[in-house]
Amino acid sequence: MIKIPDQLDPPSNVFAMATPHHLLLKLYWEIKQLRASLVSRGRSVADTHAPAYHAFNCAVTCWHLTDWVWEAADDYQRQLMSSVFETRLKAVEDFQIAMRSKHRSLYICWQIANGSKHFRLRKTDPKIKTDEVWEYRPAMAGRMRAGQRLGSYVYRLSLTDGDQRRGALEIFEDALKVWERELAAWFFIEGRYIGPDDDSP
5 MIKIPDQLDP PSNVFAMATP HHLLLKLYWE IKQLRASLVS RGRSVADTHA
55 PAYHAFNCAV TCWHLTDWVW EAADDYQRQL MSSVFETRLK AVEDFQIAMR
105 SKHRSLYICW QIANGSKHFR LRKTDPKIKT DEVWEYRPAM AGRMRAGQRL
155 GSYVYRLSLT DGDQRRGALE IFEDALKVWE RELAAWFFIE GRYIGPDDDS
205 P
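Per the working numbering, the very first residue in the sequence shown carries number 5; after that it's consecutive.
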């Protein structure tokens, strides 16, 4: 007989989320918000840095998944994790070090999340630098209409990792894929949703 797990209630000091899967869905939603904010025009001055705010949220959620996964894992799942990393994981810190070492996108999220949370990390990685720029896009001749602006600006969030430049969105999409694979391998989720409204990264 198939056993359907009981629906868990969130901790008393948390809204709605009770499992690593819930936090993964939150990360998915935050990436979707970031993607939308990069292409939309802000309605007010407060919207100017909306993409940066969404990027901050993506990094924090991505990194907080390490805490949630460790705390939610039973003995069997922790044994699976230890076998993947080929070392005995005794504490959340061991798990976090292993995840950062194995997955560059999670390492970058750790740097951004903790740099944002504590204003500065005591030990920052000098190879990782964030950058936000307004990129000017001139209007295209032959496609302009009367009254249309001669150009527009697009907000870009990028990151330099050593000598490689990557978009922030790309980092978070990669981190989401890492978490989907790992959570499936450790039996926290069954698989990836594919459906008519699948607009995942």
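Just so you know, even glycine gets a beta-carbon here, dropped at the ideal spot from N, CA and C.
Per DSSP, which residues does Y159 bridge with? Please list them. W138
Less than 7 Å between the C-beta atoms of P24 and F192, yes or no? yes
By how many angstroms is the C-alpha of K94 removed from the C-alpha of I116? 25 Å
If contacts are defined as beta-carbon pairs under 8 Å, then C66 and L110 qualify, I think. What distance do you get, rounded to the angstrom? 7 Å
For W138, count neighbouring Cβ atoms within 10 angstroms of its own Cβ and tell me buried if that reaches 16, exposed if not. exposed
Coil, strand or helix - K7 by DSSP: Residue confidence is low: K7 scores 45 on pLDDT, short of 50, so the model does not pin down where it sits. Its coordinate-derived value is still stated next. Here K7 sits in coil by DSSP.
N-terminal and C-terminal residue of the alpha helix (DSSP H) that Q168 is part of: Here Q168 belongs to no alpha helix (DSSP H); instead the beta strand (DSSP E) covers Q168 to G171.
What does DSSP give as the partner residue(s) for I132 in the beta ladder? D165
Sorted by chain position, which residues of the same chain lie with C-beta nearer than 7 Å to G140's C-beta, five sequence neighbours on each side aside? Per the sequence shown, residue 140 should be read as Tyr rather than Gly. Contacts found: G155 and Y157.
Assess contact between the stretch 51 to 58 and the stretch 31 to 41, defined as three or more Cβ pairs (one per stretch) separated by less than 8 Å. Is contact present? yes
Same chain, Cβ closer than 8 Å to A76, neighbours up to 5 away in sequence not counted: T23, P24 and F192
Reference Q168, options W190, W114 and R108, closest by Cα: R108
Do you know offhand how far K7's Cα is from A50's? Only weak support exists for where K7 lies, its pLDDT of 45 falling under 50; the coordinates are left without a value.
W33: buried (16+ other C-beta within 10 angstroms of its C-beta) or exposed? exposed
When you compare the CB positions of Q37 and T70, do they come within less than 7 Å of one another, or not? no
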